[in-house]
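Let me begin by presenting the structure, written as structure tokens, before commenting on it.
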Amino acid sequence: MKTTPFTEKHISLGAKMHEFAGYNMPIEYSGIIDEHMTVCQGVGVFDVSHMGEFWVKGPQALAFLQMVTSNNVAVLTPGKVQYTCFPNETGGIVDDLLVYCYEPEKYLLVVNAANIEKDWNWCVTHNTVGAELENASDRMAQLAVQGPKAIEALQKLTPIDLSSLPYYTFTHGEFAGEKDVIISNTGYTGAGGFELYFYPDAAMKIWDAVFEAGAEFGIKPIGLGARDTLRLEMGFCLYGNDIDDTTSPIEAGLGWITKFVEGKNFTNRAMLEKQKAEGVTRKLVGFEMIDRGIPRHGYGLLDANGEVIGNVTSGTMSPTRKIGIGMGYVKTEFSKPGTEICIDMRGRKLKAVVVKPPFRK
475 MKTTPFTEKH ISLGAKMHEF AGYNMPIEYS GIIDEHMTVC QGVGVFDVSH MGEFWVKGPQ
535 ALAFLQMVTS NNVAVLTPGK VQYTCFPNET GGIVDDLLVY CYEPEKYLLV VNAANIEKDW
595 NWCVTHNTVG AELENASDRM AQLAVQGPKA IEALQKLTPI DLSSLPYYTF THGEFAGEKD
655 VIISNTGYTG AGGFELYFYP DAAMKIWDAV FEAGAEFGIK PIGLGARDTL RLEMGFCLYG
715 NDIDDTTSPI EAGLGWITKF VEGKNFTNRA MLEKQKAEGV TRKLVGFEMI DRGIPRHGYG
775 LLDANGEVIG NVTSGTMSPT RKIGIGMGYV KTEFSKPGTE ICIDMRGRKL KAVVVKPPFR
835 K
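Letter 24 of the sequence shown, counting from 1, is numbered 498 in my numbering, and no numbers are missing.
Structure below.
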């Protein structure tokens with residue numbers, strides 16, 4: 475298995491480790507519920523060094539990104555971040571990602587760990603305009619410091635005014651004595667906070683500084699288990715579960731990152747534009763359990779008569795709500811909030827209701 479600069483630290487702290495995207499990663503430390511609530515109420519730190527980072531540079535950088543991503547990169551100005559996806563040629567999604575705009579001819583793409591090789595090959599084979607591409611994934615480490623106390627903890631470590639960084643913006647500069655750290659007001663928890671990108675040789679220095687700065691706020695290391703429950707409570711998609719090569723962004727409720735603007739001829743635009751105009755036969759929805767039970771990936775979704783109308787893509791017991799929550803694809807006629815559906819839990823037909831995420835109140 476691959477390691478991150480923090481792998482030995484996770485093991486020394488007693489984390490429960492498991493393979494994820496080819497990496498030896500911490501799944502939990504003190505327990506998923508405790509870690510989840512720590513992030514919601516205080517501050518927690520995730521090692522996300524396994525994520526992939528690609529530089530896109532040169533005079534053709536924007537033209538390339540307008541071809542391969544669904545969102546309109548042309549609206550980005552330096553310091554802005556955009557959520558987007560790579561559409562494939564059959565109406566599905568190669569991956570979802572973030573685009574960081576450094577300069578008009580310099581962008582950073584942050585992609586999912588499990589898709590680094592796939593995404594890199596996709597970018598290289600679709601680079602027909604001659605943009606400069608660089609896979610920097612092995613030369614960057616990353617921590618996500620998330621929670622309402624993250625800003626107070628991290629402000630101790632940088633002269634940059636973190637309160638001046640709105641959501642989905644970033645800067646780079648001095649942090650914990652390191653000269654060139656990317657500080658990004660992003661994250662996949664819905665609890666606020668920042669993501670830090672830096673060279674691997676600075677990893678332990680930054681880890682120690684962050685934990686010292688956050689000590690007064692009860693800072694804790696957080697594993698991938700709580701990362702999943704946090705993103706699910708917000709209704710954020712997880713690639714490989716809720717979106718994949720077979721799900722279109724329109725079906726997945728990602729029409730807002732699929733921009734049909736003039737001159738943006740991205741992969742499979744015509745098919746997705748048709749879907750947006752004519753509608754789709756299934757939609758990704760959120761649901762809450764009415765009956766007691768925990769929905770899981772792969773469970774069937776049924777109508778009142780027991781007919782299959784879809785399937786669960788993500789599900790858990792909500793740590794903040796103490797009820798079963800989930801997401802899944804259903805036939806479009808069952809997608810309206812308030813619609814009662816059933817979950818097939820190993821032969822038991824349990825009631826649920828379609829709701830619009832986020833689930834966290």
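Yeah, the Cβ is synthetic: ideal placement off N, Cα and C, and Gly gets one too.
- Task: Would you kindly report the start and end of the unbroken alpha helix (DSSP H) that includes Ala751?
- Result: Run containing Ala751: 743-752, per the alpha helix (DSSP H) assignment.
Next item on the list: For Glu482, count neighbouring Cβ atoms within 10 angstroms of its own Cβ and tell me buried if that reaches 16, exposed if not.
Entry: An exposed status is given to Glu482, since fewer than 16 other beta-carbon atoms sit within 10 Å of its beta-carbon.
What do you reckon, are the CB atoms on Thr551 and Val573 nearer than 9 Å? no
Simplified DSSP state of Asn586, which is helix, strand or coil: coil
Practice prompt. With DSSP as the reference, label Thr512 as helix, strand or coil.
Written response: helix
Practice task
Quickly, what does DSSP pair Ala618 with across the bridge? List them, please.
Solution key: Phe520, Glu669
Which residue marks the beginning of the alpha helix (DSSP H) containing Ala700, and which one marks its end? 698-707
Checklist entry - For Leu628, which of Leu758, Asn586, Glu686, Glu814 has the nearest alpha-carbon? => result Glu686
With burial defined as no fewer than 16 other Cβ atoms inside 10 Å of the residue's Cβ, what is the status of Asp570: buried or exposed? Buried is the call here.
Note to self: Helix, strand or coil, according to DSSP, for Ser638 in the structure here?
What the structure shows: helix
Inset, instruction - Consult DSSP for Leu775 and reduce its assignment to one of helix, strand or coil. - result: strand
Where do the ends of the alpha helix (DSSP H) carrying Val684 lie? 677-687
Would Met475 be called buried (16 or more neighbouring beta carbons within 10 Å of its own) or exposed?
-> exposed
Between Val827 and Glu762, how many whole angstroms is the CB-CB distance? I'm expecting something under 8 Å. With a contact defined as Cβ atoms closer than 8 Å, Val827 and Glu762 qualify at about 6 Å.
Check: How many Å lie between Gln556 and Val530 at the Cα?
Finding: Rounded to whole angstroms, Gln556 to Val530 spans 15 Å at the Cα level.
**Study point:** Which residues DSSP lists as bridging Ile717, in chain order
**Key:** Within the DSSP secondary-structure output, Ile717 pairs in a beta bridge with Tyr713.
Check your understanding: Given that a residue counts as buried once 16 or more other Cβ atoms are within 10 Å of its Cβ, and exposed if not, what is Tyr503?
Key -> buried
Indicate whether Gly666 and Ala624 have their beta-carbon atoms separated by less than 9 Å. yes
Worksheet item: If you draw a straight line from the C-alpha of Leu617 to the C-alpha of Ala495, how long is it?
Response: 17 Å
Assign Gly664 to one of three DSSP states: helix, strand, or coil. coil
ask   = Helix, strand or coil: which one does DSSP assign to Ser788?
value = strand
Checklist entry - Near Asp765, which residues of its chain fall below 6 Å by C-beta distance, leaving aside the five closest residues on each side in sequence? => result Leu824, Lys825
Who are Ile815's beta bridge partners in DSSP?
Ala826
(request) List the endpoints of the continuous alpha helix (DSSP H) containing Gln534. (result) Taken as a continuous stretch (DSSP letters only), Gln534 belongs to no alpha helix (DSSP H), as it is neither H nor E.
Worksheet item: Once you ignore the five residues that flank Tyr576 on each side, which residues in its own chain have a CB closer than 7 Å to its CB?
Response: So the qualifying residues of the chain are Pro552, Leu582.
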